[in-house]
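The block underneath contains the structure these notes are about, expressed in structure tokens.
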Amino acid sequence: MQDSVKRQAVGIWKCNSCKKVIAGGAWTVSTTAAATVRSTVRRLREITEA
């Protein structure tokens with residue numbers, strides 16, 4: 001599955017299996033900032049659900 005995501009341009013990635021186009025890092029799909037945002041959103045979601 002990981003091999004199906006290819007870089008189209010700087011920061012633009014396309015999944016060949018599901019045809020989704022996503023924004024990401026310049027050289028890797030995920031960035032440190034994106035990981036921080038995901039963990040913050042998860043933490044806030046857990047707080048509101050509790």
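In terms of full-length UniProt numbering, the sequence shown opens at residue 1 and continues consecutively.
Quick reminder that beta carbons are idealized off the backbone N, C-alpha and C, glycines included.
Rounded straight-line distance, which links the Cα of residue j to that of residue i
i: M1; j: A23; result: For M1, the pLDDT reaches just 49, beneath the cut-off of 50, and the residue's location in the model is therefore unreliable, leaving the point undetermined.
i: K14; j: D3; result: 11 Å
i: V41; j: T32; result: 14 Å
i: V37; j: I47; result: 15 Å
Candidates the options, of which the one nearest residue i by Cα
i: A26; options: A50, E49, S39 and R7; result: R7
Supposed contact pair residue j and residue i - C-beta distance, whole angstroms, cut 8 Å
i: V5; j: V29; result: 6 Å
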